[in-house]
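Worksheet: one structure, shown below.
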Amino acid sequence: MSIENMLIQGESEYFYEPFYIPYFLVALGLLYILIVFISFAKVKYNWIGKTLMGLSIFTYLLVGAYMMGSGYYSDGYNSDLYIFSGFGFLELNLLAYPYIFLALAAGVGKRE
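Have a look at this one:
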């Protein structure tokens, strides 16, 4: 059965996306804030670490701005009015970048 036939028969385009992805994404986003505060308290950063930490926070804010405005961008059509309906695997992949830069910054820094 082709995808066109599945969509005609009433299957939605979100068929392959699990229902828990938006909630997992919000949990990871909130956990990031806690991890940043803990890393500021426990790690002393040199200039490379501070640069990587700045990149981490910048990419976190950028992903957050993308997620909050996802209904307005041209790469997706948000037909629902629910807050979590626009969040999916793309945002989950994008949220990995702040964690990567945070891990690099902590790896370069020295433990206090």
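Just so we're on the same page, this note's numbering is the position in the sequence shown counted from 1, plus 117. Each residue gets a CB set at the ideal place from its N, CA and C atoms; glycine is no exception. Here the structure is a predicted model, which is why all the values come from computation and not from measurement.
With which residues is K167 paired in a DSSP beta bridge?
-> Beta-bridge pairing links K167 to no other residue.
Between I138 and L212, what straight-line distance do the alpha-carbon atoms span, to the nearest angstrom?
-> 12 Å
Using only alpha-carbon positions, find the residue among V180, Y183, F157 that is nearest to A220.
-> Nearest of V180, Y183, F157 to A220, Cα basis: F157.
Quick one, are the C-beta atoms of I150 and V225 less than 8 Å apart?
-> No.
Would you kindly check if the distance between the Cβ of T168 and the Cβ of Y214 is under 8 Å?
-> no
By DSSP, does L198 sit in helix, in strand, or in coil?
-> No answer about L198 holds up, because its pLDDT of 48 lies below 50 and its placement is not dependable.
Could you work out which residue in I155, P135, E229, Y216 is closest to L172 when comparing CA atoms only?
-> Y216
Taking Cβ positions, are L209 and L142 nearer each other than 8 Å?
-> yes
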